[in-house]
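Report on one structure; see the data block that follows.
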């Protein structure tokens, strides 16, 4: 017990998830604000820093850096550090008492009341000599000399010069550079933040089946046919094209049209029944083309500013090569058969599942990781993962960390329509985006409550909701009966409530016929057959979708995720909200109707304070869907929404009195 130790307490460091088990999420170019409660017995002056470094990928690992924390009052300390690059960062907090600075504050109070401080000056001199030794070792001889000279001055007693030196802020600042860090306390864990590239936070997804791209319903499409769709998707304003599985499809128990258990010779089967004699998860369906054709398709899309997202469905047709080559990867019944996938009463006769946690996992898991890396090598950086909640969470935690250790630019979207805690657990362990319950939120109060939860801490620190009004699996009841007005309003909500949204092909055509009443499935579902798409069908809302996506690109506020704020509307059929950048350079108000059949009017309560507008100030709003401009004044406004225009989106301009002009900073 010969050495002194520190007694500073550091607690409640944030942000952190589950006591630091999982990283929080941010986007490159942002800063991470770190807060902590830091205190110590007595009245010592404390110093605190955030220690941080980039820890992955390996080629970008940096040395530990430190940024000073600022005391914000009531023992709360805060600092931020830059997240310049895509990858994984580590951070922690360290704090210590600055003994010389504490000495200065105490001696000043004693001098002010006329106390004899000769003994205290000797004490201060001893501290400065220790600081000088550390300065000399640190290679700062000039600062060491200054500290030594001040110490000698203190040895001469209570002279005016000694007192003046003791009160010199410059001396305190110099001494503080060389404090005794052996008294420091470091937080008991290292926390992490994963920094995504921008596309993980801001993206607009469009899903189509390459095999239906000839549009006649008879001819099996190819990747070359799919390339012809790229200008169409670009015209709609989407920057991610999501493809269902593109692999060979099994023949055993192949599904027929409308999920029939009996398939005819011309039935193409479900793309999710992966694997046949032609190959498995690393192969492409022969009728789609070759791997080289796929790479060409990816490059053609990239040239138009579009990324390709590929479906990862870790399941097999009974015909998959894995079944014969690696029987240890599957769980067999006593009679030797492999159990097919089930979600009673549903049964997927054309699919078998892996034995995820059995002894074969030692080779199974690396093989499935190699599937992801194979498609990364073909140019894919985004993966929509099919039903991840039906696979063990430890597998996903391992896989995503393994991939991100070498390719942090890979984005994983979780297609987990499951229980809330499971959905959130998947987001915590690494999925950057997640499907949500938005699809089934049809009333104002429940929508506001749900989106507030999704876009506010703590959920927004780890989960980003990707809002889809439809998918090939889900035709919500609302869209079955709402007509074009319903398709417009749900698209407007999805595109403006979140920074990332998506839709399945046919939505822009208002495709809404269910397989039967009461079922949320499409009649003649494209999952089981080729589809004849008439993209110019009368009554389509292509222009409306295109305008929504253009507004998202043009206004930065829509590209941020956790900046959604709801505000009062006097009509329960009208929802009103604000999205703005932290600096106020982009501020957009949105009013959207829940009524697909009738016009709705409402008084809106404008959040003037958040907009930085005075109550008597005149400001201009630019309605972006109709390109109309208006002058508003005061805390209320009126809106009328119709099935043809169910959403109003206003960019807000403030008036610059000095130049007699309206100013919008974007």
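Residue numbers (our numbering): 65 to 730.
Think of the CB as a built atom: it goes at the ideal place given N, C-alpha and C, for glycine as much as any other residue.
**Request:** Can you tell me the Cβ-Cβ gap for residue 151 and residue 121, rounded? I've got them flagged as a contact below 8 Å.
**Result:** 6 Å
**Request:** Kindly indicate the opening and closing residues of the alpha helix (DSSP H) around residue 205.
**Result:** 205-218
**Prompt:** Looking only at DSSP bridge pairs, what is residue 678 linked to?
**Reply:** Beta-bridge pairing links residue 678 to no other residue.
**Asked** Which residue from 612, 188, 153 and 665 puts its Cα closest to that of residue 633?
**Response** 665
**Prompt:** Nearest to residue 707 by alpha carbon, out of 613, 553 and 670?
**Reply:** 553
**Item:** Distance between residue 336 and residue 98 (C-alpha atoms, nearest Å)
**Value:** 43 Å
**Asked** What are the boundary residues of the beta strand (DSSP E) that residue 560 is part of?
**Response** It is not in any beta strand (DSSP E) - residue 560 instead sits in the alpha helix (DSSP H) that spans 541-561.
**Message:** Quick check on the burial criterion: 16 or more other C-beta atoms within 10 angstroms. Buried or exposed for residue 427?
**Reply:** exposed
**Item:** Endpoints, alpha helix (DSSP H) assigned at residue 457
**Value:** 457-470
**Asked** Between the Cα of residue 463 and the Cα atoms of 488, 415 and 420, which residue gives the shortest distance?
**Response** 420
**Prompt:** Within this structure, are the beta carbons of residue 129 and residue 159 separated by less than 8 Å?
**Reply:** no
**Prompt:** Where does residue 718 sit, in a helix, a strand or coil, going by DSSP?
**Reply:** strand
**Request:** May I have the straight-line CA-CA distance separating residue 729 from residue 600, to the nearest angstrom?
**Result:** Any answer about residue 729 is weak, because its pLDDT of 39 lies below 50 and its placement is not dependable; what the coordinates show is given next. Cα to Cα, residue 729 sits roughly 38 Å from residue 600.
**Sequence ranges, beta strand (DSSP E) only - wholly within the segment 231-295, length at least 3** = 255-260 and 267-271
**Message:** Is it the case that the segment 589-609 contacts the segment 273-283, given that we only count it when at least three CB pairs across the two stretches are under 8 Å?
**Reply:** yes
**Paired residues, beta bridge with residue 400 - DSSP** = According to DSSP, residue 400 bridges with nothing at all.
**Asked** To the nearest angstrom, how far is it from the Cα of residue 84 to the Cα of residue 524?
**Response** 16 Å
**Item:** Buried versus exposed, by CB contacts within 10 Å (16 or more), residue 361
**Value:** buried
**Request:** Select from 399, 96, 353 and 619 the residue whose C-alpha is nearest the C-alpha of residue 156.
**Result:** 96
**Item:** residue 712 in three-state terms, based on DSSP
**Value:** strand
**Request:** Could you tell me which residues DSSP puts in a beta bridge with residue 702?
**Result:** 667
**Item:** Sufficient close CB pairs (3 or more, under 8 Å) joining the segment 253-264 to the segment 489-508
**Value:** yes
**Request:** Determine the direct distance from the alpha carbon of residue 350 to that of residue 313, and round the result to whole angstroms.
**Result:** 10 Å
**Item:** Cα-Cα separation, residue 365 to residue 509
**Value:** 40 Å
**Which residues DSSP lists as bridging residue 381, in chain order** = According to DSSP, which records beta bridges pairwise, residue 381 is partnered with nothing at all.
**Message:** Need the endpoints of the alpha helix (DSSP H) that residue 487 sits in, please.
**Reply:** 484-493
**Asked** Is residue 602 helix, strand or coil when you go by DSSP?
**Response** coil
**Prompt:** Does the distance from the CB of residue 81 to the CB of residue 526 come in under 8 Å?
**Reply:** yes
**In DSSP terms, what residue 410 is bridged to** = 407
**Reduced DSSP secondary structure (H/G/I, E/B, other) of residue 344** = coil
**Prompt:** Which term fits residue 614, buried or exposed, when burial requires 16 or more other beta carbons within 10 angstroms of its beta carbon?
**Reply:** exposed
**Asked** If you measure from the beta carbon of residue 350 to each beta carbon in chain D, is any gap under 8 Å?
**Response** Absent from the structure is chain D; it holds one protein chain and no more.
**Asked** Under the rule that 16 or more other beta-carbon atoms within 10 Å means buried, what is residue 570, buried or exposed?
**Response** buried
**Prompt:** In the structure shown, what three-state DSSP assignment does residue 477 receive?
**Reply:** strand
**Request:** Provide the residue span of the alpha helix (DSSP H) that contains residue 188, from first to last.
**Result:** 182-201
**Item:** Distance between beta carbons of residue 226 and residue 218, contact taken as under 8 Å
**Value:** 5 Å
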